[in-house]
Every structure is written in C-alpha cells, then in structure tokens.
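A.B. asks: Residue numbers (our numbering), protein chains in the order written: chain H, 53 to 166; chain P, 37 to 149.
Got a structure for you, written out below as structure tokens; questions coming shortly.
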Amino acid sequence: AQSVTQPDIHITVSEGASLELRCNYSYGATPYLFWYVQSPGQGLQLLLKYFSGDTLVQGIKGFEAEFKRSQSSFNLRKPSVHWSDAAEYFCAVGGRGSNYKLTFGKGTLLTVNP
Amino acid sequence: DAGVTQSPTHLIKTRGQQVTLRCSPKSGHDTVSWYQQALGQGPQFIFQYYEEEERQRGNFPDRFSGHQFPNYSSELNVNALLLGDSALYLCASSLGQGYYEQYFGPGTRLTVT
Chain H
53 AQSVTQPDIH
63 ITVSEGASLE
73 LRCNYSYGAT
83 PYLFWYVQSP
93 GQGLQLLLKY
103 FSGDTLVQGI
113 KGFEAEFKRS
123 QSSFNLRKPS
133 VHWSDAAEYF
143 CAVGGRGSNY
153 KLTFGKGTLL
163 TVNP
Chain P
37 DAGVTQSPTH
47 LIKTRGQQVT
57 LRCSPKSGHD
67 TVSWYQQALG
77 QGPQFIFQYY
87 EEEERQRGNF
97 PDRFSGHQFP
107 NYSSELNVNA
117 LLLGDSALYL
127 CASSLGQGYY
137 EQYFGPGTRL
147 TVT
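Next up, the structure:
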C-alpha cells in the first residue's frame, strides 16, 4: 500500500527566508509524486510533479522539489518565501499500472511572518 | 479555459438524509475522481470514474456511490448521512484512465447535523 508522511504539521518562516517542507513516501516501485497547495476555503492547486527523469523538478510560483529514491523523500523548497505563500501544502503519491488513486499526506500549514 | 467546477458550494443536511454533489471536469478531461477531506486532514480517495464506469474505489462504504455522464460530468451520492460525513468533498479531473495529473475543483463543504 502507498502512503505519505509529512512530519511537520505547522511551519512558520519570515518573509524572504528560505523554505523546505518535508515529504516521505512509501511505495514499492518508482512512484508519481506531487505537491499541491490549498489556500483557506479553496481546492488544491498543483505546484509540481515528478514522473521520471531529472530528480530536481521545477514548479510554479518559484517552488522546486527533489526526488531522492534512497531516502524515499520528495521535499519541497523555495529560496525566498512571500507572504502570499501562506497556505497548506500537501504531498501526494500516485501508483503506476492499474492503481489510479492519489494518496495524500496530512499536510503542512505554512505561516509567513512579515 | 474552464477549470473544474463543483456545485453546490455549501450544503447542510440532517443525519439519515441523502445528498448529491455535482462536478464538471476541466475542458478536455474525461476522468473524474472524488476525494473526501475532513477538517485538518489530507484528501482521501473515494473513487474514480472513466468511460462512465467506476474504475477504482477507496475505503469507503457502499453508502457512497457515483455516476459519470456521457459529457464526462459526475455526481457523488451519499446515503444515510452520518455526522462523520461532514467534510469538504473535492472533485478532480484528469485526461485518460490512470493519468495522474489531477486538477481539483474548489470543493463542496458538507455539514451533517
């Protein structure tokens, strides 16, 4: 069975500081990996995805993530956080073959201090 | 380019009632997945519809059922509502069965009293 762990429930950073959100997954083969962002009362917006190839993937809004197979991790990073980045961030894993569902972590709430 | 739309936005129901939620996929998409997001949790997969058939189902009871129409829109039905069914219900659309780049709608907030 596939699963995702986001170890940090809540992270607070200052505007302009760098950010790293952690994500660990469990899956028997190479997974599909995603990061989504959810603003209050909104649906989820796809930030970036990893399917194969280059393990460093670039996304929207200046975010990037690195797939590390040896650590079963897919951490999200941003070099300089903006106040508008405050939101909840979800890491998700998708299987291959006939497994169509996305499995999400419980999310990390990001607060940005001015 | 219209994104994923869901209706209604909010809904209040009483225990034991039935509810129907609706979803229109993003233009060009043919696959619809439904997720339940309880407060403070990540979304949980309910089921996926492709070619008007349920292709995969998560760990949800038979009280949760769905339908996909020829225009690819979809409905989620929940019977015999329980207080624990209170959640944000998210619809996601994608292109093709098994293609995982899913685009989400804004959700329907269901409150069961």
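All residues carry an ideal CB built from backbone N, CA and C; glycine is no exception.
Keep in mind that this is a model prediction, so the values were computed, not measured.
Measuring CA to CA, which of Ile82/P, Asn115/P, Cys127/P is closest to Gln54/P?
C.D. replies: In the second sequence, residue 54/P corresponds to position 18, counting from 1. Comparing Cα positions, the closest option is Asn115/P.
A.B. asks: By Cβ distance, which residues of its chain are closer than 8 angstroms to Tyr77/H, with the 5 residues on each side in sequence left out?
C.D. replies: As a first step, residue 77/H must be located in the first sequence, where it is residue number 25. Only Gln54, Ser55, Val56, Thr57, Pro83, Leu85, Ser124, Ser125, Phe126, Cys143, Val145 meet the Cβ criterion.
A.B. asks: Tell me which residues of the stretch 68-100 of chain H have at least one Cβ-Cβ distance to chain P shorter than 9 angstroms, keeping chain order.
C.D. replies: Tyr84, Phe86, Tyr88, Gln90, Gly93, Gln94, Gly95, Leu96, Gln97, Leu98
A.B. asks: Contact between the stretch 69-83 of chain P and the stretch 116-126 of chain P is defined here as three or more beta-carbon pairs at a separation below 8 angstroms; is this criterion met?
C.D. replies: Contact between the stretch 69-83 of chain P and the stretch 116-126 of chain P is present, because at least three Cβ pairs lie under 8 angstroms.
A.B. asks: Grab me the residues of Gly147/H's own chain with a C-beta within less than 7 angstroms of its C-beta, minus the 5 sequence neighbours each way, in chain order.
C.D. replies: The sequence position of residue 147/H within the first sequence is 95, counting from 1. Cβ within range, chain order: Gln54, Tyr79, Pro83.
A.B. asks: Should Lys153/H be flagged as near chain P, meaning a C-beta pair shorter than 8 angstroms?
C.D. replies: To locate residue 153/H, count along the first sequence from 1; it is residue 101. So yes, Lys153/H belongs to the interface.
A.B. asks: Between Ala117/H and Leu98/H, what straight-line distance do the alpha-carbon atoms span, to the nearest angstrom?
C.D. replies: Here residue 117/H is taken as the residue at index 65 of the first sequence, counted from 1. Here residue 98/H is taken as the residue at index 46 of the first sequence, counted from 1. Spanning the two alpha carbons is a distance of roughly 13 angstroms.
A.B. asks: Who are Asp146/H's beta bridge partners in DSSP?
C.D. replies: What you label residue 146/H is simply residue 94 of the first sequence in a count that begins at 1. Rather than Asp, the amino acid found at residue 146/H in this sequence is Gly. Beta-bridge partners assigned by DSSP to Gly146/H: Tyr84/H, Leu154/H.
A.B. asks: Can you tell me which of the three DSSP states Ser125/H falls into?
C.D. replies: Reading the first sequence from its first residue, position 73 is the one you call residue 125/H. Strand.
A.B. asks: Taking only the alpha-carbon atoms, compute the straight-line gap between Ser136/H and Arg74/H and give it to the nearest angstrom.
C.D. replies: Against the first sequence, residue 136/H aligns to sequence position 84. Against the first sequence, residue 74/H aligns to sequence position 22. Straight-line Cα distance between these residues: approximately 20 angstroms.
A.B. asks: Out of Pro106/P, Thr50/P, Arg93/P, Asp121/P, which one is the CA nearest neighbour of Ala74/P?
C.D. replies: Translated into positions along the second sequence, residue 74/P becomes position 38. Per the Cα distances, Asp121/P.
A.B. asks: In this structure, what does DSSP give as the bridge partners for Lys101/H?
C.D. replies: On the first sequence, residue 101/H is found 49 positions in, with the first residue counted as 1. Lys101/H pairs with Phe86/H.
A.B. asks: Check whether the Cβ of Gly141/P lies closer than 8 angstroms to any Cβ atom in chain H.
C.D. replies: If you number the second sequence from 1, residue 141/P lands on position 105. It does: the Cβ of Gly141/P has a partner Cβ on chain H nearer than 8 angstroms.
A.B. asks: Mind checking Thr155/H: buried by the 16 CB within 10 Å criterion, or exposed?
C.D. replies: Counting from one through the first sequence, the residue named residue 155/H turns up at place 103. Thr155/H is buried by the Cβ-count criterion.
A.B. asks: Write down every uninterrupted run of the beta strand (DSSP E) in the stretch 54-81 of chain H whose length is 3 residues or greater and which is fully enclosed by it, in chain order.
C.D. replies: 55-57, 62-66, 71-73, 76-78
A.B. asks: Using only alpha-carbon positions, find the residue among Asn113/P, Lys62/P, Val148/P that is nearest to Glu137/P.
C.D. replies: As a working note, residue 137/P is residue 101 in the second sequence. Among Asn113/P, Lys62/P, Val148/P, the Cα nearest to that of Glu137/P is on Lys62/P.
A.B. asks: Please determine, among Leu128/H, Gly95/H, Gln94/H, Lys120/H, the residue with the shortest C-alpha to C-alpha distance to Asp106/H.
C.D. replies: Here residue 106/H refers to the residue found at position 54 when the first sequence is read from its first residue. Nearest C-alpha to Asp106/H: Lys120/H.
A.B. asks: Buried or exposed for Glu87/P, going by 16 or more other Cβ atoms inside 10 Å?
C.D. replies: Taking the second sequence and counting its residues from 1, the one referred to as residue 87/P is at position 51. Per the 10 Å Cβ criterion, exposed.
A.B. asks: Between the Cα of Arg58/P and the Cα atoms of Arg51/P, Lys49/P, Leu131/P, Phe105/P, which residue gives the shortest distance?
C.D. replies: For this step, residue 58/P is matched to residue 22 along the second sequence. Considering only alpha carbons, the answer is Phe105/P.
A.B. asks: Identify, in the order they occur along the chain, each residue of the same chain with its Cβ nearer than 7 angstroms to the Cβ of Ser101/P, setting aside the five sequence neighbours on each side.
C.D. replies: Translated into positions along the second sequence, residue 101/P becomes position 65. Closer than 7 angstroms at Cβ, skipping near neighbours: Asn113.
A.B. asks: If distances are taken between C-alpha atoms only, which option among Pro59/H, Gly93/H, Phe115/H, Asp60/H comes closest to Leu146/P?
C.D. replies: Here residue 146/P refers to the residue found at position 110 of the second sequence. Nearest C-alpha to Leu146/P: Gly93/H.
A.B. asks: If contacts are defined as beta-carbon pairs under 8 angstroms, then Gly141/P and Asp66/P qualify, I think. What distance do you get, rounded to the angstrom?
C.D. replies: For the purposes of this step, residue 141/P is taken as residue 105 along the second sequence, with counting starting at 1. For the purposes of this step, residue 66/P is taken as residue 30 along the second sequence, with counting starting at 1. In fact, because the Cβ distance is near 16 angstroms, the residues do not count as touching under 8 angstroms.
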